[in-house]
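Asks: Residue numbers (our numbering): 744 to 833.
C-beta: ideal position from N, C-alpha, C; glycine also.
Remember, predicted model here, so these are calculated numbers, not experimental data.
This is the structure I want to talk about, given as structure tokens.
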Amino acid sequence: MTGPQTPRHIPERTCVACRRKRPQGEFLRLTKVDGAWQLGQRPRQGRGAYLCADTPTCWQDKRLRRAFGAQATTVAELAQRTVTPGAPDS
744 MTGPQTPRHI PERTCVACRR KRPQGEFLRL TKVDGAWQLG QRPRQGRGAY
794 LCADTPTCWQ DKRLRRAFGA QATTVAELAQ RTVTPGAPDS
């Protein structure tokens, strides 16, 4: 006998740029590996930072400075390249 299905737990995360809370799947996850920020291709252990995947204003260098400091420009370029695959590499 099957009972009513309970809704599955969906983890929420917060964007480091706009501080908006959303389901985890709607974000790009960045992790710091060997001193450089990388977009998570696979689940990684440890701390990470999340950016809205569908909001280009969150990828602006100025909005990323609080979370990434001097590496904000690099993170902004990385996010832009990932979301816009046809963008040329620098």
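From 818, 793 and 794, pick the residue whose C-alpha is nearest to that of residue 804; which is it?
Replies: By 1-based counting over the sequence shown, the position of residue 804 is 61. The residue with the shortest Cα to Cα distance from residue 804 is 818.
Asks: Rounded to the nearest angstrom, what separates residue 832 and residue 794 at their Cα positions?
Replies: Locating residue 832 in the sequence shown gives position 89, counting from the first residue. Locating residue 794 in the sequence shown gives position 51, counting from the first residue. Model confidence at residue 832 stands at a pLDDT of 47, short of 50, so the residue's coordinates are unreliable and nothing is read from them.
Asks: Where does the unbroken alpha helix (DSSP H) through residue 755 begin, and where does it stop?
Replies: As a working mapping, residue 755 is identified with position 12 in the sequence shown. Note, residue 755: premise wrong, no alpha helix (DSSP H); beta strand (DSSP E) at 755-757.
Asks: With respect to the alpha helix (DSSP H) encompassing residue 788, which residues constitute its N-terminal and C-terminal limits?
Replies: Sequence index remark: in the sequence shown, residue 788 carries index 45 (1-based). Counting along the chain, residue 788 falls outside any alpha helix (DSSP H), and DSSP gives it neither H nor E.
Asks: Provide the residue span of the alpha helix (DSSP H) that contains residue 772, from first to last.
Replies: One-based indexing of the sequence shown puts residue 772 at position 29. Here residue 772 belongs to no alpha helix (DSSP H); instead the beta strand (DSSP E) covers 770-776.
Asks: Excluding the 5 residues preceding and the 5 following residue 766 in the sequence, name in chain order all residues of the same chain whose CB lies nearer than 7 angstroms to its CB.
Replies: Counting from one through the sequence shown, the residue named residue 766 turns up at place 23. Once the five neighbours on either side are set aside, the close Cβ partners of residue 766 are 753 and 755.
Asks: Hey, is residue 820 close to the ligand SAM, as in C-beta under 7 angstroms from one of its heavy atoms?
Replies: This structure simply doesn't include the ligand SAM, nor any ligand for that matter.
Asks: Taking the C-alpha atoms as reference points, what is the distance between residue 825 and residue 798?
Replies: Numbered from its first residue, the sequence shown carries residue 825 at position 82. Numbered from its first residue, the sequence shown carries residue 798 at position 55. Going by the C-alpha atoms only, they are around 13 angstroms apart.
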